[in-house]
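Just below is one structure, and these are the notes that go with it.
Protein chains: 2
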Amino acid sequence: MAEAASLSRFSPTYADIEAARRRIAGMGIATPLLESPWLNRELGGRLLIKAENLQVTGSFKLRGAANRMKALTKDEYGRGVVARSSGNHGLAIAYCASLIGTSAVVVVPDTAPAAKVERIKGYGATVVQVPMQTIAEMAADIADREGRVFVDPADDFWVVAGQGTVGLEIADQAEAVGATIDDVVVPCSGGGLAGGCALALEQRSPGTRVYGVEAAGFEKMANSLAAGRRINLPPGGRSICDAISGLYMAEIPFEVVRNRLAGTLAATDEEALTAMRVAFSEFGLGVEPGGAVALAAVLTGKLSLSGRTVVAVVSGRNVDLDLARRALQRQAA
Amino acid sequence: MAEAASLSRFSPTYADIEAARRRIAGMGIATPLLESPWLNRELGGRLLIKAENLQVTGSFKLRGAANRMKALTKDEYGRGVVARSSGNHGLAIAYCASLIGTSAVVVVPDTAPAAKVERIKGYGATVVQVPMQTIAEMAADIADREGRVFVDPADDFWVVAGQGTVGLEIADQAEAVGATIDDVVVPCSGGGLAGGCALALEQRSPGTRVYGVEAAGFEKMANSLAAGRRINLPPGGRSICDAISGLYMAEIPFEVVRNRLAGTLAATDEEALTAMRVAFSEFGLGVEPGGAVALAAVLTGKLSLSGRTVVAVVSGRNVDLDLARRALQRQAA
């Protein structure tokens, strides 16, 4: 097997996504594609929800982490991995490390919720807490010092290929229910999920257009696509969509996405909250705000469903329950 | 084909459940079997959730309704069906009628939530609202007068066979993840779901024990099993678990269940609320209180998970959002 680290800086292809699916089989689940006949009637089209909030550890991040870690060489496996995250990526890394039996260090901001830190530790990972502005540096430092493989949440060959298995499953499942998909809408931050899905669907469903939905105020993909180069964001913005409010546009996903994404959209906090409520009442799903933005884009009509078949990826569930309560309090759309 | 009505009063067999699966294919979905490694660690066993809250129309009731209605003879199809329900059964009947193109009347209590009435109407069914104590009589009346086939929510050959497809899927899915199931825990009221699952698993997984979980104060199955005959409840009890707080012990399910159920358990309102919260945070599921009682039985230790593999059926999602908010407010267990 090639030294995994040497591949990490390349863009994956469709074949790498198929390989990822075989590699991570049994580590997560094939999440269902759900449909509400009632909502379809209301919206005048066919909406299918790819429910990655049901994924093991609570988000699609499991797929990329699993693919990266199953590709570790024997030497790398012996040295273990390191990641930076306060949320879904950290949970996925810690869990996958426990599953394959290697060691993991997760660097988290000192503002991370105690419940998430406890859970990452519970899976057996070592947690290092530092101020937010130094977590990247600390993770790089630990990688150097301890010889650990750094696993980026998005900017990694194996991670993008792993997230692409969501797109493969969408293509398979749409075929099984006889749906021809017009559009796939995907929550978007670093671009790993959007990139992987665009790559998978380009091959499997060439007529399908893939859109990324960002948190309003955190439109680094929109800005980068407009500029034709990666544009990071200055600190200081606010969004309840913590899972997609990073500041950095990742390099590999951007290369994958730039000629494959049909466009980007953005969802406000209010729109994400409404989508969380609809996910609960119409689909029986518990969703986090950042995981609900693709559904929000459809519900608000920013992406029209009229006469069309659209798949919205719901990407995660790890949300503070006070925020979930706020979402459920809202009036019907 | 046999006149469907003539079969309605018989108990189904395992073969009838397999036939039901073929008959209703494509009308609902094979819901996933979900697992939380974290919760497994906390509880010291393996808990699998059969997520029927993700079913089309929001509950397992779709299966029985679909099986009954697909078995209508040509004459019956022409005359249509009638049902009584304020909730999940009514939604399932209305939706299935719209799917197969027959007409449905749903008799609901005049206290039924406007949102549910609107939705039943939205699927094209005629809604008749009468005082709660007369809904059974009114439904029988309409069946007589209009020649419609009355579809009981539980006391029906086809309905029990349809609900049994939940048990078939559990057996298949457990095999697929290499699990040998010790116990299956099922929310229980009229006994259609418990009966169907017990029948399916007796054949497919003979070592598995099936338990029914009732709403505390509505233990008609426990009382009936103890007495060796069907015992109905007097009116006047209260429970937030509206989906399982009926007063009547159905005849066919009781015949199916009496020598097949390992036992019954009961869950209080508080326990159901806690289970709703855990379903959201650990599994990403939006669940109604009556749908959460089997999970509640495991979380409270009424059914021990220690060193065992247990499947808990989560049976529905149709809940008032104020009640869902109350559930999410609760402290972590």
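Protein chains in written order, with our numbering: chain C, 18 to 350; chain H, 18 to 350. By construction, the Cβ of each residue, glycine as well, lies at the ideal position given by its N, Cα and C atoms.
Taking 8 Å as the cut-off between beta carbons, the residues of the region 296 to 311 of chain H near chain C are A296, F297, S298, F300, G301, L302, G303 and V304, in sequence order. Around V73 of chain H, the beta-carbon contacts reaching into chain C at under 9 Å are L51, E52, S53 and P54. The C-alpha of D33 of chain H lies about 30 Å from the C-alpha of E52 of chain H. Taking C-beta separations shorter than 8 Å and ignoring five residues to either side along the sequence, the partners of R26 of chain C in its chain run F174 and I269, following chain order.
For the options H:D158, H:A243, H:Q180 and H:A153, the alpha carbon positioned closest to that of A37 of chain H is the one of H:Q180. Close partners of A341 of chain H in chain C (Cβ separation under 8 Å): F297 and L345. Around the CB of V230 of chain H, 16 or more other CB atoms lie within 10 Å, so the residue is classed as buried. When only Cα atoms are considered, Q220 of chain C and Y31 of chain C end up about 7 Å apart.
Secondary structure remark: continuous beta strand (DSSP E) runs of at least 3 residues inside the region 261 to 330 of chain C, in chain order: 278 to 284.
Following the DSSP letters along the chain, one finds T182 of chain C inside the alpha helix (DSSP H) bounded by residues F174 to A193. Assigned with DSSP and collapsed to three states, P126 of chain H falls in strand.
In summary, the residues of the region 95 to 118 of chain H whose CB is separated from some CB of chain C by less than 7 Å are Y112, in the order they occur in the chain.
Secondary structure of A232 of chain H (DSSP, three-state): strand.
E52 of chain H: member of the beta strand (DSSP E) spanning L50 to E52, first to last residue. Taking the C-beta atoms as reference points, I41 of chain H is found no nearer than 8 Å to T151 of chain H. Chain H places no beta carbon closer than 8 Å to that of L250 of chain C, leaving this residue out of the contacts. Annotation for A171 of chain H: no beta strand (DSSP E) segment contains it, and DSSP assigns it neither H nor E. DSSP places A100 of chain C in the strand class (E or B) of the three-state scheme. Interface flag for G212 of chain H against chain C is unset, since no Cβ pair is found closer than 8 Å. Pairing A314 of chain C with M293 of chain C gives a Cβ-Cβ distance that is not under 8 Å. Ranked by Cα distance from V125 of chain C, the options C:S115, C:I110 and C:A114 are led by C:I110.
Between the C-alpha atoms of S298 of chain H and L216 of chain C there is a straight-line separation of about 31 Å.
One alpha carbon belongs to G75 of chain H, the other to L65 of chain H, and they sit about 19 Å apart. Within chain H, G301 have C-beta atoms less than 7 Å from the C-beta of R334 of chain C, given in sequence order.
What L338 of chain H touches in chain C, judged by beta-carbon distance under 8 Å, is R294, F297, S298, L345 and Q346, going in chain order. The bridge partners DSSP lists for P204 of chain H are H:V230. Boundaries of the alpha helix (DSSP H) around A156 of chain H: I152 to E163. Annotation: C258 of chain C to T326 of chain H spans about 36 Å, alpha carbon to alpha carbon. For V134 of chain H, no beta strand (DSSP E) encloses it; the enclosing alpha helix (DSSP H) starts and ends at A131 to G139.
Taking the beta carbon of N70 of chain C as reference, the chain H residues within 7 Å of it are G301, listed in sequence order. Setting aside the 5 residues that flank it on each side, Q72 of chain C is surrounded in the same chain by G45, I46, T48 and L79, each with a C-beta closer than 7 Å to its C-beta; the list follows chain order. Here the region 85 to 101 of chain C does not lie against the region 128 to 139 of chain C, with fewer than 3 beta-carbon pairs under 8 Å apart. Within chain C, the C-beta atoms nearer than 9 Å to that of G139 of chain H come from W55, R58 and E59, in chain order. With 16 or more other Cβ atoms inside 10 Å of its own Cβ, G307 of chain C counts as buried. Within the region 197 to 212 of chain H, not one residue has a Cβ closer than 7 Å to any Cβ of chain C. By the criterion of a C-beta distance shorter than 6 Å, E236 of chain H is surrounded in its chain by A283, once the five residues flanking it on both sides are discounted.
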